[in-house]
Amino acid sequence: MILSSNLRHAADRVVRQAEWRSLSDALAAARQGRRTIVEIAGDPGTGKTWLLSRLAEAAEAAEAADRSRYTVLTAAFPVPGSRPMRLFEDMAFPSGTPGDIRPHQSWSTIRFALQRRLVAGGVLCLDDAQWADPESAGFLAQLLSDPLAVPHLLVVAHRSRQTCATIRDALSRAVSRGGAERVVLEALSAGQSGRLLGLSAQEPRLTALHRAAGGNPLYLQALARTRLGVEPDTGAGPDHPDPFDLLDVTDPFIAQILAEMVPLTPAESAVIAAAAVLGRSADLAELARVSDTTQDSTCQAVGRLLRRDLLRAPSHKPLFEFRHPLVQRSAYWRLDGCTRSRLHRRVFLLLGDLGAAASERAVHLERTMIGLTDSDRQVLVKAAIGTQRPQLAVRWLEAALHSHRADGGDAAQGRTIRLHYARALATANRSGEGRRVLDEVLATDRQDTAARLDAVILHALIDCRQSRYAQARAMLSAELSEQRHTSNGPPVTLLVVQASVELFSGGLPSEQVLASTVERARDANDRQAELGALALSGLTRLFRGQPAAAVPPVIAGCHLVDVLTPYDLEGRPEVLGLLGWTELLLHRLHDAEHHLLRGVRAARSTGDRQALAALFCGLSAVHHDAGRPKEALAMAAAATDAVHTAGVRHVRRLALAMRARALAWNDDAGCDEALAIAERAATDGRPRDCRWDGVAAVCLAQALWIRHEHHRSLRTLIASCGGSTLPDAPACLRSMCFEMLTACAIRLGRHADAVDWARHAAAAASVPGEQAYAMSAEGNLRMGDDPRAATALYRRSADLFALAGMPDDRARALIRAARSAIAGGDPEGAADLLAMAKSSAANPCVTQLENELTRQRPTPPATGNASRTLPPAPARPAAMATLTRREMQIAEIVAMGKRTREIAEELGLSPRTVDVHLTRIYRKLNVSSRTALSRLITVAEPTLESVYAVPAPKG
Numbered sequence: 004m005i006l007s008s009n010l011r012h013a014a015d016r017v018v019r020q021a022e023w024r025s026l027s028d029a030l031a032a033a034r035q036g037r038r039t040i041v042e043i044a045g046d047p048g049t050g051k052t053w054l055l056s057r058l059a060e061a062a063e064a065a066e067a068a069d070r071s072r073y074t075v076l077t078a079a080f081p082v083p084g085s086r087p088m089r090l091f092e093d094m095a096f097p098s099g100t101p102g103d104i105r106p107h108q109s110w111s112t113i114r115f116a117l118q119r120r121l122v123a124g125g126v127l128c129l130d131d132a133q134w135a136d137p138e139s140a141g142f143l144a145q146l147l148s149d150p151l152a153v154p155h156l157l158v159v160a161h162r163s164r165q166t167c168a169t170i171r172d173a174l175s176r177a178v179s180r181g182g183a184e185r186v187v188l189e190a191l192s193a194g195q196s197g198r199l200l201g202l203s204a205q206e207p208r209l210t211a212l213h214r215a216a217g218g219n220p221l222y223l224q225a226l227a228r229t230r231l232g233v234e235p236d237t238g239a240g241p242d243h244p245d246p247f248d249l250l251d252v253t254d255p256f257i258a259q260i261l262a263e264m265v266p267l268t269p270a271e272s273a274v275i276a277a278a279a280v281l282g283r284s285a286d287l288a289e290l291a292r293v294s295d296t297t298q299d300s301t302c303q304a305v306g307r308l309l310r311r312d313l314l315r316a317p318s319h320k321p322l323f324e325f326r327h328p329l330v331q332r333s334a335y336w337r338l339d340g341c342t343r344s345r346l347h348r349r350v351f352l353l354l355g356d357l358g359a360a361a362s363e364r365a366v367h368l369e370r371t372m373i374g375l376t377d378s379d380r381q382v383l384v385k386a387a388i389g390t391q392r393p394q395l396a397v398r399w400l401e402a403a404l405h406s407h408r409a410d411g412g413d414a415a416q417g418r419t420i421r422l423h424y425a426r427a428l429a430t431a432n433r434s435g436e437g438r439r440v441l442d443e444v445l446a447t448d449r450q451d452t453a454a455r456l457d458a459v460i461l462h463a464l465i466d467c468r469q470s471r472y473a474q475a476r477a478m479l480s481a482e483l484s485e486q487r488h489t490s491n492g493p494p495v496t497l498l499v500v501q502a503s504v505e506l507f508s509g510g511l512p513s514e515q516v517l518a519s520t521v522e523r524a525r526d527a528n529d530r531q532a533e534l535g536a537l538a539l540s541g542l543t544r545l546f547r548g549q550p551a552a553a554v555p556p557v558i559a560g561c562h563l564v565d566v567l568t569p570y571d572l573e574g575r576p577e578v579l580g581l582l583g584w585t586e587l588l589l590h591r592l593h594d595a596e597h598h599l600l601r602g603v604r605a606a607r608s609t610g611d612r613q614a615l616a617a618l619f620c621g622l623s624a625v626h627h628d629a630g631r632p633k634e635a636l637a638m639a640a641a642a643t644d645a646v647h648t649a650g651v652r653h654v655r656r657l658a659l660a661m662r663a664r665a666l667a668w669n670d671d672a673g674c675d676e677a678l679a680i681a682e683r684a685a686t687d688g689r690p691r692d693c694r695w696d697g698v699a700a701v702c703l704a705q706a707l708w709i710r711h712e713h714h715r716s717l718r719t720l721i722a723s724c725g726g727s728t729l730p731d732a733p734a735c736l737r738s739m740c741f742e743m744l745t746a747c748a749i750r751l752g753r754h755a756d757a758v759d760w761a762r763h764a765a766a767a768a769s770v771p772g773e774q775a776y777a778m779s780a781e782g783n784l785r786m787g788d789d790p791r792a793a794t795a796l797y798r799r800s801a802d803l804f805a806l807a808g809m810p811d812d813r814a815r816a817l818i819r820a821a822r823s824a825i826a827g828g829d830p831e832g833a834a835d836l837l838a839m840a841k842s843s844a845a846n847p848c849v850t851q852l853e854n855e856l857t858r859q860r861p862t863p864p865a866t867g868n869a870s871r872t873l874p875p876a877p878a879r880p881a882a883m884a885t886l887t888r889r890e891m892q893i894a895e896i897v898a899m900g901k902r903t904r905e906i907a908e909e910l911g912l913s914p915r916t917v918d919v920h921l922t923r924i925y926r927k928l929n930v931s932s933r934t935a936l937s938r939l940i941t942v943a944e945p946t947l948e949s950v951y952a953v954p955a956p957k958g
């Protein structure tokens, strides 16, 4: 039982403090000899009965304390159908009603008897006044307008939506003349809900429970006993069941709801059952069709259900729904299995006539126990393909497969179901089961060439995504061997998949084979295969170190994809991923983003969550290169989530490295942990047999560099890329890697290595983006002895970055150029360069540099006869190089004497985050106080820190 220990004591907690004070004050007034009336109004489950019972206990306790003859009478009106005036007769004559009372005499007789029972004072509590029969309602109205002539407290609790006009009018008149007080029980606040359940305001469960219950105490306690009471995201995640489906109909709180449905007539029960199975707002015609009753009978039943407040009509529309989902689920689970099955079939047929989506119809189809037809199974397959919930897709396809096996349906349909079932299993992180289903298809359908081809391709893709490249290659080779003996030769789709597996498992497909595949795809008008072959051709040339030669097939692919519809690309989102990644590595960021987003849409349209991981990684890289740190982090987080939920292994290292890089770039407090996870993944002992692993190593090295972990960055690159010459690094990223190694070596005092790596950077450069990195590497070398030459190199690097469409790298190059200009004695030139960088920083691509540029603006040149050359400044302590940009920023503000809260407000951080950064600063600089830190910052050089910072000039 969930939250059971807390719920056992819930009855002892007064969460409605204001309402309870009103009742307590009224009780005190009655005990002082006054006649008092209190109205308690609220929806079902809001706590009316609890307040009445609490009031009765308080009155009885007061009676016992002063040994008075104070009388407490508490009763609830019986449900409709009982004897008129039964409640008042039972209260007036507890030993039995005198037999000689005639109807026209009963009011005065009962009034006199009640007054005699309360002669010494007392409390009269009347609950559920909405159920009062007409005669009892009239008598209660008399008691409200003409109270008993004895000191007493009369409390009337009712549901205002259901109470008759006679009682509502009498209560309203009593309140308006000042003779009564109205207490309205509104929905509980989040704090009150927490006190009721014994949960703190910080509990994630509390938010989910409060929102689902709508602040209703009864619903809140019922839901607390479901899985929602333990897992706050149960109802939100795409693979979790609805929390209301987890109810226990034997629960006492649910029993209170079910008790309202006991006195329903057969017609009302039929309509309630229809509404419960429909599970949404419905009009009279829909309720009549599902309940199999006439519209006139349905209309009358709905009217009575509205008066009982089981159904409501929202916003005066001709639609009807339950007052709360909990009531709907309670009504649903009280039905027997055969009734539910029959009603679900009717709803399924109704939704088909209304043109509802397959996913909406499948919900009802899977819950019918009636045999499924071929058309029914088609609905289940279509719904499974379109859903974003893998576990739900598996369930629907299992239902379709079980039905097909049971009645021996169409063989072709059975193969289709099994193929989709295997894909759904893989997407639901059950790849082993998916492969076994495909093995069954390959073993039983050897004569169906199309089915066999689909099974082989899907099997190979699942193997690849699990990093089972050897198995994928073996299966494709065997199938190609068989297909070569056919008259038409192997299908082009099979050739494209084989080339893709070969490329990403570390090989390089033959250019001749790819060119032939493109031609065969065009002859066969297979645009999917043609696009895949073009993208693979461009990517292969990039990995061969031929970026210029990669452009023509990429442009051809762009033209082709523009004429393809989403239907043309359905089921093959990976071809869009191949094209997008090729464009990304060629720095065609706009095209890359467009095609990767199309790939995401294609993957979601078929529920292929495994394909999403590589697509999200590509989008994170696009945002990184375009200078959008927040978006880069969001996409990296989505990629990591896809890796974990879909069980993808081939891009796991890449997703973790990209997340670490994005966190480092955003200077997030969780960066250190993410870096540790990414480093463990990079050295987990698995073989590096995937192209993605090389890209992951570069991303991880960048993350470490951003965190000023220069030694770890250098070590990661060399260890992951085959040695100091980086033979295993992706050819298209090699210039960038050598530039990073050059900067790391300079920081670590390894000048000879830096010269060697700068030379390698220049040798690897062939297109503007790569040449820009080579220029930056040379600039890093020249900064120490010839700042003016370094300035020229950095400026040329910035121009090349601009030409390559890399605005963020251009801004970094301009910052380094400004720094070298200051070191060369040209502050005016530095100011101009900073202005150019700041104009780029105003662009959303590089807004993260704004604060850094403001802090690093050089001192204006002196006027008069003062020298225009800046004197050399004292060198910064070596430990300062270990600080990140954010840590350096905080350290300098601390030196100005500001406190933690002031720093937090200035930088838009939380005080706790500032304290975390300060702890790291103290550890890195080996200081123990703000005073020591301020002294260290004051004597240090005010440099132009940049992402690629280099040592201060000599001298």
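Numbering (our numbering), first residue to last: 4 to 958. The beta carbon of each residue, even a glycine, is placed where N, CA and C say it ideally should be. All figures in this text were calculated on a predicted structure; none of them were measured in a lab.
query = In three-state terms, what does DSSP make of I373?
reply = coil
task = Determine the closest residue to A732 out of G509, Q224 and Y222, with distance taken between C-alpha atoms.
result = G509
query = Roughly how many angstroms lie between the CA atoms of S284 and L290, to the nearest whole one?
reply = 10 Å
Supposed contact pair L199 and L221 - C-beta distance, whole angstroms, cut 8 Å = Actually they do not touch by this definition, with Cβ atoms about 10 Å apart.
key: Classification of E60 by the beta-carbon crowding that lies within 10 angstroms, buried from 16 upward   = exposed
query = Quick one: what does DSSP say V187 is sitting in, helix, strand or coil?
reply = strand
task = Could you spell out the range, first to last residue, of the beta strand (DSSP E) harbouring L76?
result = T74 to A79
ask   = For A757, which three-state DSSP category applies?
value = helix
request  = Hey, could you find the ends of the beta strand (DSSP E) H161 is sitting in?
outcome  = H155 to H161
message = Using 9 Å as the threshold, is the C-beta distance between A132 and F80 below it?
response = yes
query = Taking the Cβ atom as the reference point for each residue, do K927 and E895 lie within a distance shorter than 9 Å?
reply = no
Exposure label - C167; buried when at least 16 CB within 10 Å = buried
query = Are at least three pairs of beta-carbons, each pair with one atom in the segment 536-547 and one in the segment 576-585, less than 8 Å apart?
reply = yes
message = The beta strand (DSSP E) that contains E206, what's its start and end?
response = Note, E206: premise wrong, no beta strand (DSSP E); not H, not E.
ask   = Quick one: Cα of H107 to Cα of P87, how far?
value = Low confidence applies here, because H107 scores a pLDDT of 44, under 50, leaving its location unreliable and the question unanswered by this model.
message = Restricting to runs no shorter than 4 residues, where is the alpha helix (DSSP H) found entirely within the segment 350-408?
response = 361-368 and 377-389
ask   = At a cut of 8 Å, does the segment 626-636 reach the segment 602-611 through at least three beta carbon pairs?
value = no
query = Is the beta carbon of L129 sitting closer than 9 Å to the one on L143?
reply = yes
Nearest-angstrom Cα separation, counted from R525 out to A641 = 36 Å
key: Counterpart residues of F96 in DSSP-defined beta bridges   = In DSSP, F96 forms no bridge with anything.
ask   = Any idea what DSSP makes of V315, helix, strand or coil?
value = Note that residue 315 is Arg in the sequence shown, not Val. It is a strand residue.
key: Which of helix, strand or coil DSSP assigns to A285   = strand
key: In chain order, each alpha helix (DSSP H) run of at least 4 residues that lies wholly inside the segment 683-721   = 694-709
message = Give me the residue from E63, T296 and L441 with the minimum Cα distance to A31.
response = E63
query = Excluding the five sequence neighbours on either side, which residues of its own chain have a C-beta within less than 8 Å of the C-beta of D517, listed in chain order?
reply = Here the sequence assigns Leu to residue 517, which means Asp is not the residue at that position. Within the same chain, L517 has close Cβ partners A502, A536, L539, S540 and T543.
Whole-angstrom C-beta distance between R652 and Q474, which should lie under 8 Å = 13 Å between Cβ atoms; not a contact.
message = What would DSSP say about E573, mapped onto helix, strand or coil?
response = coil
query = Between A334 and I275, which are expected to be in contact by the criterion C-beta below 8 Å, what is the C-beta distance as a whole number of angstroms?
reply = 5 Å
inquiry  = Just to check my reading of the structure: L717 and L744 have Cβ atoms closer than 8 Å, yes? What is that Cβ distance to the nearest angstrom?
reply    = 6 Å
ask   = Quick one: what does DSSP say V41 is sitting in, helix, strand or coil?
value = strand
ask   = Can you give the Cα-Cα distance for A637 and A681, rounded to whole angstroms?
value = 17 Å
query = If you run the structure through DSSP and keep just helix, strand and coil, what is V18?
reply = coil
ask   = Can you give the Cα-Cα distance for L666 and P632, rounded to whole angstroms?
value = 9 Å
task = Return the CA-CA distance between A619 and A639, expressed in angstroms with no decimal places.
result = Checking the sequence shown, residue 619 turns out to be Phe, not Ala. Cα-Cα distance, rounded: 7 Å.
key: DSSP three-state assignment for E324, whether helix, strand or coil   = strand
query = Within 10 angstroms of its Cβ, does R471 collect 16 or more other Cβ (buried), or is it exposed?
reply = buried
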